[in-house]
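J.: One structure follows; several queries about it will come next.
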Amino acid sequence: MSRPIYNDIRDVGNKVISSILGIAAIGFAASAYQQYQKNSKLTATVDSLQTRVRQYETREGTSFVVERISKQMEDIAYQQMTISNTRREEALYQMKVADEMRAKAESEQRKAQEFADSAMEARNMAEQQREYAVGMQLRAEHSRNVADTLSYIALGRSLASLSSIQYLAGNTDVSALLAYMAWKLTTDYNGKVDIPVMLKALAQNSGSYTSNQLHKGGVSRIVPIGDSGDFVSVGRYGGICKLRLDGGEWKTVSLDRNPTCNYRDVCVGEDGVIYALAFGGLLQTIANGQLAAPIALPETSGWSHIQPFDNRTLVISSETKLYFFDTTTRKITKSVDLPEKVSAMGNIQGIGIVFGQDGGVWTIDKNGELSQDRMLVKGAVTAYAWSEKNKLAAVGTKNGDIYIVDENGNSRGKLVGHLSQVTGLAINGNKLISSSYDRTVKLWDITSINSEPVTLKEYPSWVYCVHMPNANSVLVGDESGTVSHIVVSPNEMAMMIRDNLKRDFTADEWSYYVGDNVPRIKLKKQ
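Quick note: the sequence shown uses the working numbering, first residue 39, plus one each step.
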């Protein structure tokens with residue numbers, strides 16, 4: 039072996055040793071002792087390799103060693119390349135398989151999602167169809183119920199009409215059965231019983247009318263005595279009576295029977311004192327049931343209206359004047375001239391209002407001064423009533439028409455039904471009661487201007503006044519001196535009819551009037 043090759047190998051070894059030492063010095067400076075031992079081993083290894091190289095050089099020669107090493111390196115490189123290619127191909131194949139599996143999985147996932155979406159859509163559609171079917175069923179049931187309800191309500195009205203016909207024909211037993219059955223069908227199906235045909239049938243058969251002749255002449259006015267449940271009435275032939283209707287029985291007390299006093303109006307002060315106004319100019323007062331000496335008023339005729347003005351003053355009208363009467367001093371304190379004769383008086387929201395026979399309207403301020411006002415009605419006003427709850431007034435006229443007027447005097451509608459002058463009006467809730475010289479008392483619904491009135495009672499003589507102590511009853515005073523009581527509650531009248539039924543429908547009567555499609559029931563109270 040030549041010296042240069044040997045030197046080269048040795049140089050290579052030295053460089054390897056230097057490199058290893060440098061690397062060891064850099065990478066393991068923290069463990070110097072251990073590195074030293076390793077370097078010693080590497081040095082021994084290099085020395086061993088050099089010895090073997092020298093042996094190979096001696097034995098085989100330099101070229102053989104180089105060739106042998108090169109061949110081994112080539113084989114190793116070729117094997118590594120083969121392995122690398124095989125692994126690369128295998129990796130590519132695995133990648134391809136993975137891509138195919140991923141694509142297949144994605145495809146299956148899309149199909150599964152599409153199936154799930156289709157299933158969800160089908161379920162939603164089925165749910166919608168079910169809801170629609172249920173809705174249709176509910177609407178069908180509602181329509182059937184509505185149809186049944188309307189049918190039964192219509193039957194109730196028909197029976198009420200038949201009741202009135204049978205009543206006029208004198209068949210009172212059948213009329214009462216028809217009236218009560220009409221009310222029952224209507225109330226069972228939530229129909230409206232405050233309608234003319236129903237109220238008429240109930241009023242005819244209930245016997246809800248009671249009366250008591252308290253006065254010799256016509257009854258001019260009936261007013262309550264505070265909240266006591268008692269009332270006071272005055273007559274045109276000198277009578278003043280206190281009355282109470284208790285359990286259908288009249289309890290009366292005569293307070294005055296002076297035939298020279300033609301009483302036209304009465305009011306009760308806040309102190310409970312009764313003030314009765316006579317046409318001839320006397321003001322009679324009654325306190326605690328005791329009749330005081332009458333007070334002579336300035337004029338000797340034409341006195342017609344009296345009402346409270348404030349807590350200690352009354353306003354009284356003669357034909358063409360207003361007088362203010364102090365209840366404490368019992369004297370006239372002021373008078374005001376009017377351009378027309380007074381036809382009616384009242385109040386609107388606590389303010390006095392006066393009507394003239396020629397159509398004039400005036401309000402009275404807190405100082406007792408008159409201000410001309412307006413009210414859009416035709417004809418002279420002869421009766422007036424104000425409803426604080428509804429903020430509406432009923433205005434009756436000489437020709438029989440009744441106007442519903444708002445707080446500003448604007449007409450909301452006209453009620454037509456009376457044939458002559460309206461003499462009295464009373465409002466309670468939505469009910470309006472009116473009386474007239476046509477000898478009738480009528481019931482109206484002020485919320486339905488175009489509704490037909492119910493004639494509660496036809497009297498043999500003129501009716502002068504009405505009063506509603508509550509929404510269920512009416513007090514009426516007529517020309518004969520009779521004070522009567524009329525029940526206007528449909529339910530109360532129906533109960534009165536039921537309590538007095540003499541029998542039930544026969545099978546033939548039920549089939550003829552009510553119909554076989556309605557199950558037959560017993561109506562007579564057991």
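Ideal Cβ placement from N, Cα and C applies to all residues, glycine included.
1) Mind checking which residues open and close the alpha helix (DSSP H) that includes residue 243?
2) Using the rule of at least 16 other Cβ atoms within 10 Å of the residue's Cβ for burial, across every protein chain shown, is residue 321 buried or exposed?
3) To the nearest angstrom, how far is the alpha carbon of residue 304 from that of residue 449?
4) As an exercise, report each continuous beta strand (DSSP E) stretch of at least 3 residues that is fully enclosed by the region 464-527, in chain order.
5) Would you mind listing the beta strand (DSSP E) stretches within the region 153-219 that are 3+ residues and don't spill past its ends, in chain order?
6) Taking 6 Å as the limit between beta carbons, can you name the residues of its chain near residue 470, skipping five residues before and five after?
7) Sort out for me which residues DSSP pairs residue 363 with in a bridge.
8) Excluding the 5 residues flanking residue 396 on each side, which residues of the same chain have their C-beta closer than 6 Å to its C-beta?
9) If I measure Cβ to Cβ from residue 67 and keep anything under 7 Å in the same chain, skipping five residues before and after, which residues do I get?
10) Report, in whole angstroms, the separation of the C-beta atoms of residue 219 and residue 552, which I expect to be a contact under 8 Å.
11) Is the number of C-beta pairs between the region 272-281 and the region 251-259 that are closer than 8 Å three or more?
12) Which residues does DSSP list as the beta-bridge partners of residue 391?
13) Take every Cβ of the region 204-223, pair it with every Cβ of the region 529-548, and state whether three or more of those distances are shorter than 8 Å.
14) Using alpha carbons as the reference points, say which of 407, 344, 459 and 550 lies closest to residue 384.
15) Contact defined as beta carbons within less than 8 Å: I believe residue 237 pairs with residue 492. What is the distance between those atoms, to the nearest angstrom?
16) Applying the criterion that 16 or more other CB atoms from any shown protein chain within 10 Å of the CB defines a buried residue, is residue 297 buried or exposed?
17) Roughly how many angstroms separate the alpha carbons of residue 171 and residue 440, rounded to a whole number?
18) Assess contact between the region 339-356 and the region 306-319, defined as three or more Cβ pairs (one per stretch) separated by less than 8 Å. Is contact present?
19) Among 506, 289, 265 and 295, which one has its Cα closest to the Cα of residue 278?
20) Give me whichever residues DSSP pairs with residue 452 in a beta bridge.
21) For residue 508 versus residue 466, is the C-beta distance shorter than 8 Å?
22) Would you call the region 471-479 and the region 196-215 in contact, with 3 or more CB pairs under 8 Å?
23) To the nearest whole angstrom, what separates the beta carbons of residue 409 and residue 401, a pair I think is in contact under 8 Å?
24) Just tell me which of 282, 437 and 341 has its CA closest to the CA of residue 522.
25) State the DSSP-derived secondary structure class of residue 324, mapped to helix, strand or coil.
26) Which residue from 242, 461, 106 and 228 puts its Cα closest to that of residue 495?
27) Since I believe residue 502 is in contact with residue 462 (beta carbons under 8 Å), could you give me their beta-carbon distance rounded to a whole number of angstroms?
28) Given this structure, state the Cα-to-Cα distance separating residue 210 from residue 264, to the nearest angstrom.
29) Straight-line CA distance for residue 55 to residue 108?
30) Could you give the DSSP three-state label for residue 544: helix, strand or coil?
31) Apart from the five residues on each side of it in sequence, which residues of its chain come closer than 7 Å, Cβ to Cβ, to residue 224?
32) Does the beta-carbon distance from residue 399 to residue 391 come in below 8 Å?
33) How about residue 324 and residue 333: are their beta carbons less than 8 Å apart?
34) If you follow the beta strand (DSSP E) that residue 447 is part of, which residue opens it and which one closes it?
T.: Taking the geometry as given:
1) Start at 1 with the first residue of the sequence shown, and residue 243 comes out as number 205. Start and end: 234-244.
2) Residue mapping note: residue 321 aligns to position 283 of the sequence shown, counting from 1. By the 10 Å Cβ count, residue 321 comes out buried.
3) Here residue 304 is taken as the residue at index 266 of the sequence shown, counted from 1. Here residue 449 is taken as the residue at index 411 of the sequence shown, counted from 1. Computed Cα separation, rounded: 29 Å.
4) 469-474, 478-483, 492-496, 501-508, 511-516 and 520-525
5) none
6) Position 432 of the sequence shown, counted from the first residue, corresponds to residue 470. Correct list, in chain order: 432, 482 and 484.
7) What you label residue 363 is simply residue 325 of the sequence shown in a count that begins at 1. Answer by DSSP bridge pairing, in chain order: 352 and 370.
8) Position 358 of the sequence shown, counted from the start, is the residue given in the question as residue 396. Only 378 meet the Cβ criterion.
9) For the purposes of this step, residue 67 is taken as the residue at position 29 of the sequence shown. Note that residue 67 scores a pLDDT of 48, beneath 50, so its modelled location is shaky and nothing firm can be said.
10) Residue 219 sits at position 181 when you count from the first residue of the sequence shown. Residue 552 sits at position 514 when you count from the first residue of the sequence shown. Rounded to the nearest angstrom, the Cβ distance from residue 219 to residue 552 is 7 Å, consistent with a contact under 8 Å.
11) yes
12) The residue given as residue 391 occupies position 353 in the sequence shown. Looking at the DSSP assignment, residue 391 forms a beta bridge with 384 and 401.
13) yes
14) Position 346 of the sequence shown holds residue 384. Ranking 407, 344, 459 and 550 by Cα distance to residue 384 puts 344 first.
15) The residue labelled residue 237 in the question sits at position 199 within the sequence shown. The residue labelled residue 492 in the question sits at position 454 within the sequence shown. Confirmed, Cβ separation roughly 4 Å.
16) Here residue 297 is taken as the residue at index 259 of the sequence shown, counted from 1. Residue 297 should be labelled exposed.
17) Residue numbering aside, residue 171 sits at position 133 when the sequence shown is read from its first letter. Residue numbering aside, residue 440 sits at position 402 when the sequence shown is read from its first letter. Each residue's Cα considered, the two are about 54 Å apart.
18) yes
19) Your numbering for residue 278 matches position 240 in the sequence shown. Closest option to residue 278, Cα to Cα, is 295.
20) Here residue 452 refers to the residue found at position 414 when the sequence shown is read from its first residue. Bridge partners of residue 452: 441.
21) Reading the sequence shown from its first residue, position 470 is the one you call residue 508. Reading the sequence shown from its first residue, position 428 is the one you call residue 466. Cβ atoms of residue 508 and residue 466: closer than 8 Å.
22) Using a C-beta cut-off of 8 Å, the region 471-479 makes no contact with the region 196-215, since fewer than three inter-stretch Cβ pairs fall below that distance.
23) Counting from 1 along the sequence shown, the entry for residue 409 is found at position 371. Counting from 1 along the sequence shown, the entry for residue 401 is found at position 363. Indeed, because the Cβ distance is near 5 Å, the residues count as touching under 8 Å.
24) Taking the sequence shown and counting its residues from 1, the one referred to as residue 522 is at position 484. For the residues 282, 437 and 341, the minimum Cα distance to residue 522 belongs to 282.
25) By 1-based counting over the sequence shown, the position of residue 324 is 286. Here residue 324 sits in strand by DSSP.
26) Against the sequence shown, residue 495 aligns to sequence position 457. Of the listed residues, the one whose Cα sits closest to residue 495 is 242.
27) Reading the sequence shown from its first residue, position 424 is the one you call residue 462. Reading the sequence shown from its first residue, position 464 is the one you call residue 502. Approximately 7 Å separates the beta-carbon atoms of residue 462 and residue 502; this is inside 8 Å, confirming the contact.
28) Locating residue 210 in the sequence shown gives position 172, counting from the first residue. Locating residue 264 in the sequence shown gives position 226, counting from the first residue. Cα to Cα, the separation comes out at about 40 Å.
29) Here residue 55 is taken as the residue at index 17 of the sequence shown, counted from 1. Here residue 108 is taken as the residue at index 70 of the sequence shown, counted from 1. Here the model assigns residue 55 a pLDDT of 49, short of 50, so the residue's position is not dependable, and the following value carries that caveat. It is roughly 22 Å from the alpha-carbon of residue 55 to the alpha-carbon of residue 108.
30) Along the sequence shown, one-based indexing puts residue 544 at 506. Residue state, collapsed to three classes: coil.
31) As a position in the sequence shown, residue 224 is number 186, starting the count at 1. Within the same chain, residue 224 has close Cβ partners 191, 194, 231 and 236.
32) Within the sequence shown, the letter at position 361 stands for residue 399. Within the sequence shown, the letter at position 353 stands for residue 391. Cβ atoms of residue 399 and residue 391: closer than 8 Å.
33) As a first step, residue 324 must be located in the sequence shown, where it is residue number 286. As a first step, residue 333 must be located in the sequence shown, where it is residue number 295. For residue 324 and residue 333, no; Cβs fall outside 8 Å.
34) Numbered from its first residue, the sequence shown carries residue 447 at position 409. Residue 447: not part of any beta strand (DSSP E); DSSP gives it neither H nor E.
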